[in-house]
Structure formats: C-alpha cells, structure tokens
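Trainee: One rule links them: number in this note's numbering = place in the sequence shown (from 1) + 301. Virtual Cβ for every residue (Gly too), placed ideally from N, Cα, C.
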Amino acid sequence: MSAPRLGKPGQDRVYAPDFLTELFRNPLDPGYADAAAARRSSTQSAARGWRAWPARSVSLVVVVMLGFLFAVAYRQTMADEPGRSQARSGLVAQIRERESQTDRLSTRADQLREEVGRQRDAALSGSAAARLRNLEASTGLGRVRGDGVVVRLADAPDKADAVTGVGAGPPRVLYSDLQGVANALWSAGAEAIAINGQRLTSTSTIRSAGEAMLVDFRPVTGPYEVSAIGPDSMRRKFEDSRNAALMRKVAQGTGLSFGVRESDDLTLPAAPEPQLRYAKPSVSPSPSASGVRSGSPGSSGPATSVSPSGGGR
Numbered sequence: 302m303s304a305p306r307l308g309k310p311g312q313d314r315v316y317a318p319d320f321l322t323e324l325f326r327n328p329l330d331p332g333y334a335d336a337a338a339a340r341r342s343s344t345q346s347a348a349r350g351w352r353a354w355p356a357r358s359v360s361l362v363v364v365v366m367l368g369f370l371f372a373v374a375y376r377q378t379m380a381d382e383p384g385r386s387q388a389r390s391g392l393v394a395q396i397r398e399r400e401s402q403t404d405r406l407s408t409r410a411d412q413l414r415e416e417v418g419r420q421r422d423a424a425l426s427g428s429a430a431a432r433l434r435n436l437e438a439s440t441g442l443g444r445v446r447g448d449g450v451v452v453r454l455a456d457a458p459d460k461a462d463a464v465t466g467v468g469a470g471p472p473r474v475l476y477s478d479l480q481g482v483a484n485a486l487w488s489a490g491a492e493a494i495a496i497n498g499q500r501l502t503s504t505s506t507i508r509s510a511g512e513a514m515l516v517d518f519r520p521v522t523g524p525y526e527v528s529a530i531g532p533d534s535m536r537r538k539f540e541d542s543r544n545a546a547l548m549r550k551v552a553q554g555t556g557l558s559f560g561v562r563e564s565d566d567l568t569l570p571a572a573p574e575p576q577l578r579y580a581k582p583s584v585s586p587s588p589s590a591s592g593v594r595s596g597s598p599g600s601s602g603p604a605t606s607v608s609p610s611g612g613g614r
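See the structure below:
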C-alpha cells in the first residue's frame, strides 16, 4: 500500500492506484490494441477503394458516351445546315418575287382605274361627274389632294448590350397605336387618311401578324406615317385628344418616337375596290293551310307550330 499524499489543509486527498489494481483493470498492453485498430482500418480502406472503382468506371463510360452523342448531333446539324439555308433562301426569293408582282399589279390597277375614270367623266355630264368624284373622294375610292397633318411613329432604338444582350427587344409601335391615331384624326375632322400610302376606308383593317403590321392585309414597315387631309383646326384638336396625350406619355417613358407636323399639298392615293357583301332576305317556309307544319317523314317528334310570318321557335 502506498502512503497517502498530503495536500494543503482544506483540500481532498488523492490516492494513486497501485500496480495490481492497474494490471487487473487493463490486462492487455496498449501496443496490441493499436496494432489491431491499424489492421482493421487498412482492411476497411481497401474495401472502400474496391467499391469506389466500379462507380468511377461507370461515370467515365457515361461521360464518354455523352461526348460521342454530342459529337454525332453536331455533325448531323452541320450536315443539314446547307439544306435549311437553301430552303430559306428559296422562300425569301419567292416572297420578294410575289411582292414585286403585287406592286406591278397594283400599279396596273391604278392606271386602269384612272382610264375608267376618264372614260366615265367623258360619258357623264359635268355635274354628275363632279358629284361622283366627290363621292369617291369621301369614300376613299378616289385620289385626293389638300393640306393636312402627318403623324409619325417609330420604334424605340435598340439599346441591347452586345455581350450580355440586356435590354434587347425595344418598345415597338403596336397596331393599336395606329388604330388610336387614325380614330383620333377622324374625330378631329379628317376627311381622308392614309398609313404609309395605304388609304383607309370604312372597311379598312389595321392588324398585326407576328412582327408584321398589316393595313388592309398589306404589310407596312416602320417608321409609320399617318397622313390626314382636313381643316386647319385638325392639328389642334388632335393634339388635345386623349390618344395624343397617351402617345406622348408612352414616348417619354419608352423612347418610342412620336411627332406631329403640318404638311401642305398632301396627295393620298385611292383605295382598292372593296369587295362588298350584300344581305339577302332569307326564304321563309310557306305555312300550310292549317298553320301547322308537320314533322319530317319518319320522325317521331311532335310537329312544330309556325307563326304567320313563317318563323318558328
């Protein structure tokens, strides 16, 4: 037994364990335990390495296969590019050819219309010809000249960054903007209106198809000029309208171009001949003597009563 170690007064006494107690508590030398732990750790790391090797192999094979597929797709795309370019070029050529053909036919139609007008004026009396010309001018079927205003609208400039593309897609003039300007000019007293040389009539349409603007189904491109012939007060009334105030606000907020100017001696072309549709009265079924129309042969439903005018409910 070892002697107790005395401490300072007021402190607890601490006894050191003797050799026999330590021997029974830890009979194995610590070196053997360290050697066994090292052997177990090496075995586990080797097992993990063998398990990780198939996963790495599969990942490598997948990466190689994806690269091969991308290479095949790229070669196929590049091989088909000449055919697509040729087809696109052919379509563009056909569109331009049809547009030039349409312009030639429109010019020829205007010439024939003027010839018909001259022949008609020669056949009619002076007062009847003048009245007919006035009617054509008011309906848009005759060419007119006079003083008026020109409203110009243009898309905002493209401020897209060349690298990031931020800001792409500038504000564009919408077909509703052209509709609003035309309606405001009519309200201000305009007698004749044309958009980029396309005369407006009571049956005209202003629409958009994708990015193309259509006036009476004919494409027009910006900048858009809405020309109107009317009285001297037309410009003041238009600029005081709600549509003009809205367009000025839109132009200030988006950079879209909007301007109004007076113009002397405007010439607006005639509109094409409209294709009018005439309503026809419907043919009413004649009622029978008893005022009752029987059902169709073989039908089991009840007969339908007919009013004296022939209409039924």
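Using a Cβ-Cβ cut-off of 7 Å (strictly less than) and excluding sequence neighbours within five positions of F480, which residues of its own chain qualify?
Mentor: Note that residue 480 is Gln in the sequence shown, not Phe. These residues qualify, in order along the chain: I507.
Trainee: According to DSSP, is F559 part of a helix, a strand, or is it coil?
Mentor: F559: strand per DSSP, three-state reduction.
Trainee: What does a CB cutoff of less than 7 Å around L501 pick up in its chain, not counting 5 residues either side in sequence?
Mentor: Here the set comprises G441, A483, I494 and A495.
Trainee: Where does V450 fall in DSSP's three states?
Mentor: Three-state DSSP puts V450 in a strand.
Trainee: With burial defined as no fewer than 16 other Cβ atoms inside 10 Å of the residue's Cβ, what is the status of M514: buried or exposed?
Mentor: Answer is buried; the Cβ neighbour count reaches 16.
Trainee: Identify whether L501 lies in helix, strand or coil by the three-state DSSP scheme.
Mentor: DSSP places L501 in coil when its eight states are reduced to three.
Trainee: Could you tell me the alpha carbon to alpha carbon distance between M548 and V527, rounded to whole angstroms?
Mentor: Cα to Cα, the separation comes out at about 14 Å.
Trainee: With DSSP run on the structure shown, which of helix, strand or coil describes Y579?
Mentor: Three-state DSSP puts Y579 in coil, outside helix and strand.
Trainee: What whole-angstrom Cβ distance do A457 and L557 have, given they're in contact under 8 Å?
Mentor: A457 to L557, Cβ: 5 Å. Contact.
Trainee: Are at least three pairs of beta-carbons, each pair with one atom in the segment 447 to 457 and one in the segment 527 to 537, less than 8 Å apart?
Mentor: The segment 447 to 457, when compared against the segment 527 to 537, does touch it at the 8 Å Cβ threshold.
Trainee: Can you check DSSP and say which residues form a bridge with Y525?
Mentor: In the DSSP output, where bridge partners are listed per residue, Y525 has L454.
Trainee: Just the Cα atoms here: how many angstroms apart are F371 and R389?
Mentor: C-alpha separation (whole angstroms): 26 Å.
Trainee: Given a cut-off of 9 Å on the beta-carbon distance, is the pair G531 and G449 in contact?
Mentor: Cβ distance < 9 Å, so G531 and G449 count as in contact.
Trainee: Contact defined as beta carbons within less than 8 Å: I believe A580 pairs with M535. What is the distance between those atoms, to the nearest angstrom?
Mentor: Between M535 and A580 the Cβ distance is about 35 Å, and since that is not below 8 Å, they are no contact.
Trainee: Buried or exposed: which applies to L577, given that a residue is buried once 16 or more other Cβ atoms fall within 10 Å of its Cβ?
Mentor: Result: exposed.
Trainee: Can you pull the DSSP bridge partners for L569?
Mentor: Answer is V445.
Trainee: Between A431 and the rest of its own chain, which residues show a CB-CB distance below 8 Å, the 5 nearest in sequence each way excluded?
Mentor: Answer for A431: no residue qualifies.
Trainee: Would DSSP call S358 helix, strand or coil?
Mentor: Here S358 sits in helix by DSSP.
Trainee: Tell me the residue span of the beta strand (DSSP E) that contains L475.
Mentor: Careful: L475 lies outside any beta strand (DSSP E) and carries neither H nor E.
Trainee: Assuming A510 is part of the beta strand (DSSP E), what are its boundary residues?
Mentor: Note, A510: beta strand (DSSP E), I507 to A510.
Trainee: Identify, in the order they occur along the chain, each residue of the same chain with its Cβ nearer than 7 Å to the Cβ of V551, setting aside the five sequence neighbours on each side.
Mentor: Closer than 7 Å at Cβ, skipping near neighbours: L557.
Trainee: If you check the beta carbons only, do S516 and N497 fall under 9 Å apart?
Mentor: According to the sequence shown, residue 516 is Val rather than Ser. Yes, Cβ-Cβ distance for V516 and N497 is below 9 Å.
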